[in-house]
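First the structure, in the form of structure tokens, and then the observations on it.
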Amino acid sequence: MIDLHLIRTQPDYVRAQIARLHADAPIDEIIALDGQRRDLIGEAEALKAQRNAGSKAVGRAKDPTERERLKDEMRALGDRIGELDDRLRTVDDALLQAQLRVPNLPAEQVPDGASEDDNIVTAEIGERRVFDFAPQPHWDLAEKLGIIDFERGVKVAGTRNYILRGDGARLQRALITWMLDLHTREHGYQEVYPPFLVPSPMLYGNGSLPKFADTLFHDAEEDKWLIPTAEVPITNMYRDEILDEAILPIYHVAYTPCFRREQLSGGRDVRGIKRGFQFDKVEMVKFVTPETSDEEYQKLQADAEAVLRALGLPYRILQICAADLSFTAANKVDLEVWAPGSDEWLEVSSVATFHDFQARRANLRYRPTGGRPQYLHTLNGSGLALPRVMIAIMENYQNADGTFAVPDVLRPYLRDQEEIGVQPPVGNGARDLAGLATVQ
RNA sequence: GGGGAGGUGGCCGAGUGGUUGAAGGCGCUCGCCUGCUAAGUGAGUAAGGGGUUAACGCCCCUUCGAGGGUUCAAAUCCCUCCCUCUCCGCCA
Numbered sequence: 103m104i105d106l107h108l109i110r111t112q113p114d115y116v117r118a119q120i121a122r123l124h125a126d127a128p129i130d131e132i133i134a135l136d137g138q139r140r141d142l143i144g145e146a147e148a149l150k151a152q153r154n155a156g157s158k159a160v161g162r163a164k165d166p167t168e169r170e171r172l173k174d175e176m177r178a179l180g181d182r183i184g185e186l187d188d189r190l191r192t193v194d195d196a197l198l199q200a201q202l203r204v205p206n207l208p209a210e211q212v213p214d215g216a217s218e219d220d221n222i223v224t225a226e227i228g229e230r231r232v233f234d235f236a237p238q239p240h241w242d243l244a245e246k247l248g249i250i251d252f253e254r255g256v257k258v259a260g261t262r263n264y265i266l267r268g269d270g271a272r273l274q275r276a277l278i279t280w281m282l283d284l285h286t287r288e289h290g291y292q293e294v295y296p297p298f299l300v301p302s303p304m305l306y307g308n309g310s311l312p313k314f315a316d317t318l319f320h321d322a323e324e325d326k327w328l329i330p331t332a333e334v335p336i337t338n339m340y341r342d343e344i345l346d347e348a349i350l351p352i353y354h355v356a357y358t359p360c361f362r363r364e365q366l367s368g369g370r371d372v373r374g375i376k377r378g379f380q381f382d383k384v385e386m387v388k389f390v391t392p393e394t395s396d397e398e399y400q401k402l403q404a405d406a407e408a409v410l411r412a413l414g415l416p417y418r419i420l421q422i423c424a425a426d427l428s429f430t431a432a433n434k435v436d437l438e439v440w441a442p443g444s445d446e447w448l449e450v451s452s453v454a455t456f457h458d459f460q461a462r463r464a465n466l467r468y469r470p471t472g473g474r475p476q477y478l479h480t481l482n483g484s485g486l487a488l489p490r491v492m493i494a495i496m497e498n499y500q501n502a503d504g505t506f507a508v509p510d511v512l513r514p515y516l517r518d519q520e521e522i523g524v525q526p527p528v529g530n531g532a533r534d535l536a537g538l539a540t541v542q
């Protein structure tokens, strides 16, 4: 949410910023409701002060007649207060609903633009490899090697599902462990392992609700949602708390699966593992003071880039323009890795700063030394999204014979294995079947 | 899933209808005092919202797990829900 006081005092500024987003927001409605709300509060509170004083007088009153007279008076007052409170509740709720629909305002330095076509490539890092053979897309390569089983994934779970097998599964596990180690050992993050199924307020807190309900998986029985990103549980970890300034900044990193009801679309995007209903991600989340927020944003981006650099993958940085900013972000860059087999840039990280937008929704505050509590700033960035990193490794490190090399940094995590080749057959003997029989 | 106990301020812990926004203690802050420290001593020490002020501040409302109800008046009584502890059951 953005500051109600800002909307009240500088509505034109707010409207102008929202225009930059090419978005709509119920600013007039909010201003009207805010006015009604404050009028009602003033009225109700004056009556409450009267009733509180009157009720004390009842307790002190000696004379029974006088006592009854006061009680009648207070009863009448109570009825009027009840009416005002009912109206206030209605107005409050409408105001909150309207506020929840207002997107975050873009940071000053975010460039204008009309659509995602106006995003700006600010840097391209690393050399794109020149192949002396035609690089395969990962869906062919991985299937031939037997490390991704598309057919059985679909059989088990429906379209856009796949099963990683053998070294495919190991590679992803190695990547996860290595990324977590990198961020915890070298970038100062604390690893956390959060719940994947959370109730609605958490999604309002990070800004996924109410706008993106149709892209989330919901369990009606428990009224809980599968997380679309680790950002959801982590951002809410400190909700309703007032943190000591001394403990900020807080850095967390987590590995979780992410669940998204992607809108089905035809074409290339359905091939391979680029886009699924479930994918794994290592996510970084920061809680910082407003003063350090810009600096922390730069560092966060560097932390995400460090993963790609260490893997030796060519990537580019995309500054997102105002029109393409997500609902919650004040500023955002995407990191896109080059996939030579698929012949496209793949978004593997989104690094965003939210200023106090999420903090207001989730009630995340800190107490400046000697001062009054105030909202802190949140930031997050993928570090990184696993399937697309897998794609990039397979496609960039592939050999002419259809195998591919393991990037140096991952070898210690794969028993020094140097390349991934055709997987040996499975289930081929009495040994395996005998083993299976004893498994519970 | 079933039974029992309980959820009060930064922490511990009183408090079963009215001067209790909440005793007492601990912690913390500022001051006094004592060569230093410890001890002692005085004062202060929740959040949110509304109003007022140039500002410091002042006034008012709300909040004792959450929501609803009874009452002139609720931390205190009633209902629903959530959470914690505990016994039993079940279970990776």
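Just add 102 to wherever you are in the first sequence, counting from 1, and you've got the numbering used here.
By construction, the Cβ of each residue, glycine as well, lies at the ideal position given by its N, Cα and C atoms.
Residues sharing a beta bridge with residue i, DSSP
| i | result |
| --- | --- |
| I222 | Q421 |
| N263 | N263 is not bridged to any residue. |
| F361 | Q380 |
| V387 | H354 and N482 |
Residue i versus residue j - alpha carbon distance
| i | j | result |
| --- | --- | --- |
| I227 | R262 | 31 Å |
| Q476 | E347 | 10 Å |
| G215 | Q421 | 11 Å |
| F389 | D321 | 29 Å |
| D534 | P527 | Note that D534 has pLDDT 47, beneath the 50 cutoff, so the model's placement of it is unreliable and the number below is only indicative. Rounded to whole angstroms, D534 to P527 spans 12 Å at the Cα level. |
| P296 | L328 | 12 Å |
| P449 | L282 | It should be pointed out that residue 449 corresponds to Glu in this sequence rather than to Pro. So the alpha carbons of these two residues sit roughly 19 Å apart. |
| R169 | R162 | 9 Å |
| A532 | L512 | Its pLDDT being 46, under 50, A532 is placed unreliably in this model, and the coordinates cannot settle the point. |
| Q525 | A121 | 54 Å |
| H289 | A408 | 10 Å |
| I133 | L142 | 14 Å |
| P213 | A424 | 6 Å |
| D242 | G374 | 8 Å |
| Y515 | I336 | 27 Å |
| F233 | E497 | 11 Å |
| I508 | P113 | Reading the sequence as shown, one finds Val at residue 508 and not Ile. Rounded to whole angstroms, V508 to P113 spans 55 Å at the Cα level. |
| E521 | S302 | 44 Å |
| S217 | F381 | 27 Å |
| L266 | R490 | 14 Å |
8 Å contact criterion, which residue i and residue j should meet: CB distance rounded
| i | j | result |
| --- | --- | --- |
| L402 | Y417 | 16 Å between Cβ atoms; not a contact. |
| D53 | H285 | Residue coverage of the chain in this structure runs from 103 to 542, which leaves residue 53 outside it and unanswerable. |
| A209 | N308 | With 8 Å as the limit, A209 and N308 do not qualify as a contact, their Cβ atoms being about 18 Å apart. |
| T331 | R363 | Not quite, the Cβ-Cβ distance comes to about 14 Å (not below 8 Å), so this is no contact. |
| G255 | G268 | 14 Å between Cβ atoms; not a contact. |
| I419 | A118 | Contact flag wrong, Cβ pair sits at about 28 Å. |
| F361 | F429 | Not really, about 19 Å apart at Cβ, beyond 8 Å. |
| R146 | L190 | The question names Arg, but residue 146 is Ala in the sequence shown. Correct: roughly 6 Å between the Cβ atoms. |
| N433 | A412 | Actually they do not touch by this definition, with Cβ atoms about 25 Å apart. |
| L488 | Q274 | 6 Å |
| I183 | L149 | 5 Å |
Distance CB(residue i)-CB(residue j) smaller than 8 Å
| i | j | result |
| --- | --- | --- |
| V204 | M304 | no |
| L123 | L427 | yes |
| K326 | L299 | yes |
| R469 | I344 | yes |
| G443 | P237 | yes |
Quiz item: Touch check for the stretch 499-506 and the stretch 479-487: three-plus C-beta pairs under 8 Å?
Solution: no
Quiz item: Taking contact to mean at least 3 C-beta pairs separated by less than 8 Å, is the stretch 381-399 in contact with the stretch 347-365?
Solution: yes
Quiz item: Are at least three pairs of beta-carbons, each pair with one atom in the stretch 171-181 and one in the stretch 153-161, less than 8 Å apart?
Solution: yes
Self-check item: the stretch 103-116 in contact with the stretch 450-463 per 3-pair CB rule at 8 Å
Solution: yes
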